[in-house]
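A quick write-up on the structure given underneath.
There are 2 protein chains.
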Amino acid sequence: MAAWSERLAGVRGVLLDISGVLYDSGAGGGTPIAGSVEAVARLKRSQLKVQFCTNESQKSRGELVAVLRRLGFDISEGEVTAPAPATCQILKERGLRPYLLIHDGVRSEFDHVDMSNPNCVVIADAGEGFSYQNMNKAFQLLMDLENPVLISLGKGRYYKETSGLMLDVGPYMKALEYACGVEAEVVGKPSPEFFNSALQAMGVEAHQAIMIGDDIVGDVGGAQRCGLRALQVRTGKFRVSWLLCLCLA
Amino acid sequence: MAAWSERLAGVRGVLLDISGVLYDSGAGGGTPIAGSVEAVARLKRSQLKVQFCTNESQKSRGELVAVLRRLGFDISEGEVTAPAPATCQILKERGLRPYLLIHDGVRSEFDHVDMSNPNCVVIADAGEGFSYQNMNKAFQLLMDLENPVLISLGKGRYYKETSGLMLDVGPYMKALEYACGVEAEVVGKPSPEFFNSALQAMGVEAHQAIMIGDDIVGDVGGAQRCGLRALQVRTGKFRVSWLLCLCLA
């Protein structure tokens with residue numbers, strides 16, 4: 001295996017996942033992962049550019065940054081690339097009026113979006129909001145549309161809270177895809193557009209950047225397909241069985 | 001197109017789907033579909049054998065038969081092939097102890113099943129029971145098992161109630177499959193074992209039977225793959241767009 005210096009040659013920017021890498025979310029704001037507050041501080045003191053690239057869709061960027069600052073992280077809103085603002089941009093460009101199946105914590109990101117007479121469905125990690133009633137409403141709306149549009153903020157299978165593994169938006173996206181016979185448009189990792197917007201925010205090319213994440217598909221696989229290097233951490237949702245996949249890849 | 005008499009030559013038994021063919025379920029017990037009470041009565045008066053072959057998993061057979069009898073149908077419990085009793089048989093044979101993500105209405109079918117220290121998950125059309133909390137419990141249990149077993153009572157996408165289309169168990173099965181990286185075992189239509197048990201109950205061979213249903217995948221496709229003839233009704237969940245599929249098939 002090549003030495004670290006060799007593997008990191010030419011790296012000018014670092015994309016950092018948040019949940020499972022910097023902290024585990026949960027009751028009381030969550031818990032920082034050991035060493036991560038200091039690691040971010042060291043990156044910030046280095047010559048490297050840093051952007052936080054998250055699929056967090058339960059909190060607005062403002063709320064997320066506030067939580068992380070309380071835990072001791074040096075982070076500001078402008079340094080966060082998140083799927084909710086990217087989705088608002090897409091809705092605006094395409095004249096889409098969403099039915100939102102999302103968590104109340106992220107609703108403020110959609111404050112200026114027209115939601116009258118919906119012509120698409122947007123789902124995010126709604127947590128308890130994924131009730132049968134809400135899922136059925138999204139389903140019925142998609143079935144009534146001539147050209148059903150389903151936008152999903154990420155497609156993660158699960159994430160880790162301090163209390164254990166929790167279902168993410170991906171399984172619910174799959175449920176609606178199967179029910180309606182549609183394919184969702186994913187906004188967030190591993191979508192190339194999303195990695196590119198994070199790179200743009202740093203002003204760094206793909207081959208000059210490394211993604212650090214806990215999700216082998218969303219973070220590591222997605223970044224590598226975009227020409228970035230990637231680093232799999234063993235915190236968060238990491239599972240030992242993935243090592244076999246990495247060895248076989 | 002061949003005449004009816006030709007298409008039905010040699011038919012000795014009829015498998016009848018229930019929901020969407022005999023009645024639409026819903027508040028107050030649901031509504032019979034026009035002409036269906038009399039159609040069942042005529043079949044019963046004919047030389048043909050009749051078996052009701054349903055994926056109903058919100059009600060026990062006893063409750064389902066009581067509902068249908070109140071609506072005027074000539075039906076008894078022994079004439080119903082349903083996935084819950086078939087699942088109990090499988091659990092017993094394989095020493096499986098389920099966590100049940102099911103509707104309260106069907107729980108009595110599992111009264112004699114050992115549910116201590118679960119080593120598998122059984123999902124059925126749980127309706128409002130498909131809360132985030134219950135789904136997450138099923139997910140966590142599957143993730144903790146070395147050999148995760150997920151049994152799904154049917155895999156229907158949706159069904160029709162008097163109030164409109166409703167999500168069936170299939171989308172939730174897909175959600176858990178994706179979240180856990182497992183493949184569910186489906187008990188119910190379109191599984192060949194299920195059609196065969198319905199044929200056995202009638203004492204009729206596949207080539208001597210016709211399935212009448214409203215689901216192009218579960219009823220029509222499943223039956224045809226088992227060597228039965230099949231008839232697609234235009235009630236229940238039927239959608240005009242399926243005609244294109246039938247023409248292209």
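Sequences listed follow chains D and Y, in order. The first sequence lines up with residues 1 to 249 when you count with full-length UniProt numbering. The second sequence lines up with residues 1 to 249 when you count with full-length UniProt numbering. Glycine residues also receive a C-beta, built at the ideal position from the N, C-alpha and C atoms. If you're wondering where the values come from, they're calculated on a predicted model, not measured in any experiment.
Starting from residue i, follow the beta strand (DSSP E) in both directions and report where the run begins and ends.
| i | result |
| --- | --- |
| Met-166 of chain D | 164-167 |
| Gln-133 of chain D | Looking at the DSSP string, Gln-133 of chain D is not in any beta strand (DSSP E); the run it does join, the alpha helix (DSSP H), is 132-144. |
| Pro-148 of chain Y | Run containing Pro-148 of chain Y: none; DSSP gives neither H nor E here. |
| Phe-52 of chain D | 49-53 |
| Arg-229 of chain Y | 229-232 |
| Glu-161 of chain D | 158-161 |
| Val-122 of chain D | 120-123 |
| Gly-13 of chain D | 13-16 |
| Glu-205 of chain Y | Looking at the DSSP string, Glu-205 of chain Y is not in any beta strand (DSSP E), and its letter there is neither H nor E. |
| Arg-185 of chain D | Residue 185 of chain D is actually Glu in this sequence, not Arg. Run containing Glu-185 of chain D: 185-187, per the beta strand (DSSP E) assignment. |
In the DSSP assignment, find the alpha helix (DSSP H) that holds residue i and state where it starts and stops.
| i | result |
| --- | --- |
| Ala-90 of chain D | First, the amino acid is wrong: residue 90 of chain D is Ile here, not Ala. Unbroken alpha helix (DSSP H) run through Ile-90 of chain D: 83-94. |
| Glu-38 of chain Y | 36-45 |
| Leu-199 of chain Y | 192-202 |
Quick one, are the C-beta atoms of residue i and residue j less than 7 Å apart?
| i | j | result |
| --- | --- | --- |
| Leu-101 of chain Y | Ala-126 of chain Y | yes |
| Thr-87 of chain D | Cys-53 of chain D | no |
| Ala-41 of chain Y | Asp-17 of chain Y | no |
| Ala-198 of chain D | Gln-51 of chain D | yes |
| Leu-176 of chain Y | Asn-136 of chain D | no |
| Leu-231 of chain D | Ile-212 of chain D | yes |
| Ser-113 of chain Y | Leu-141 of chain Y | Inspection of the sequence shows that residue 113 of chain Y is occupied by Val rather than by Ser. Against a cut-off of 7 Å, the Cβ pair of Leu-141 of chain Y and Val-113 of chain Y comes out as no contact. |
| Lys-174 of chain Y | Tyr-178 of chain D | yes |
| Ser-57 of chain Y | Val-14 of chain Y | no |
| Pro-32 of chain Y | Leu-71 of chain Y | yes |
| Gly-30 of chain Y | Thr-235 of chain Y | no |
| Ala-184 of chain D | Ser-163 of chain D | no |
| Leu-22 of chain Y | Ser-5 of chain Y | no |
| Asp-214 of chain D | Val-233 of chain D | yes |
| Lys-92 of chain Y | Tyr-159 of chain Y | no |
From the DSSP output, in three-state form, read off residue i for me.
| i | result |
| --- | --- |
| Asp-74 of chain Y | coil |
| Glu-79 of chain Y | helix |
| Ser-5 of chain Y | helix |
| Val-65 of chain Y | helix |
| Asp-219 of chain D | helix |
| Met-211 of chain D | strand |
| Leu-243 of chain Y | helix |
| Asp-24 of chain Y | strand |
| Ser-108 of chain D | helix |
Please work out which residues of its chain come closer than 8 Å, Cβ to Cβ, to residue i, disregarding the five sequence neighbours upstream and downstream, and give them in chain order.
| i | result |
| --- | --- |
| Gly-129 of chain Y | Leu-101, Ile-102, His-103 and Asp-104 |
| Val-11 of chain Y | Leu-48, Gln-208, Ala-209, Ile-210 and Arg-229 |
| Cys-180 of chain Y | Phe-139, Leu-142, Met-143, Pro-148 and Leu-150 |
| residue 282 of chain Y | Outside the displayed range of chain Y (1 to 249) lies residue 282 of chain Y, so it cannot be described from this structure. |
| Leu-145 of chain Y | Asn-119 and Cys-120 |
| Lys-44 of chain Y | Val-50 and Asp-74 |
| Tyr-99 of chain Y | Met-115, Pro-118, Cys-120, Val-121, Val-122, Lys-137, Ala-138 and Leu-141 |
| Arg-7 of chain Y | Arg-229 |
So, at 6 Å on beta carbons, what are the nonlocal neighbours of residue i in its own chain, with the 5 sequence-adjacent residues on each side left out?
| i | result |
| --- | --- |
| Gly-218 of chain D | Gly-156, Lys-189 and Pro-190 |
| Ser-108 of chain D | Ser-60 |
| Trp-242 of chain D | Ile-216 |
| Phe-194 of chain Y | Gly-188 |
| Gly-170 of chain Y | Lys-155, Gly-156 and Arg-157 |
| Gly-222 of chain D | Lys-189 and Pro-190 |
Please go through the same chain and pick out, in chain order, the residues whose beta-carbon is closer than 7 Å to the beta-carbon of residue i, but skip the five residues on each side of it.
| i | result |
| --- | --- |
| Ser-116 of chain D | Arg-97 |
| Gln-224 of chain Y | Ala-230 |
| Ala-201 of chain Y | Gln-51 and Thr-81 |
| Glu-161 of chain Y | Asp-24, Ser-25 and Gly-26 |
Verify the CB distance criterion: does residue i have a CB-CB separation below 7 Å to chain C?
| i | result |
| --- | --- |
| Tyr-158 of chain D | Although the question refers to chain C, the structure presented lacks it and instead comprises the protein chains D and Y. |
Can you list, in chain order, the residues of the region 160-189 of chain D whose Cβ is nearer than 9 Å to any Cβ on chain Y? So the close ones are Gly-164, Leu-165, Met-166, Leu-167, Asp-168, Gly-170, Pro-171, Tyr-172, Met-173, Lys-174, Ala-175, Leu-176, Glu-177, Tyr-178, Ala-179, Cys-180 and Gly-181.
Residues within the region 26-58 of chain D neighbouring chain Y, beta-carbon criterion of under 9 Å: none
Of the residues that make up the region 97-114 of chain Y, which ones have a beta carbon closer than 8 Å to any beta carbon in chain D? none
Using a Cβ-Cβ cutoff of 8 Å, what residues of the region 130-153 of chain D are near chain Y? List them in chain order. Phe-130, Ser-131, Tyr-132, Gln-133, Met-135, Asn-136, Phe-139, Gln-140 and Met-143
Listed in chain order, which residues of the region 212-243 of chain Y have Cβ atoms closer than 8 Å to some Cβ of chain D? none
Interface positions of the region 65-78 of chain Y facing chain D (Cβ-Cβ less than 8 Å), listed along the chain: Residues: none.
Give the residues from the region 114-128 of chain D that approach chain Y closer than 9 Å (Cβ to any Cβ), ordered along the chain. The residues in question are Ala-126, Gly-127 and Glu-128.
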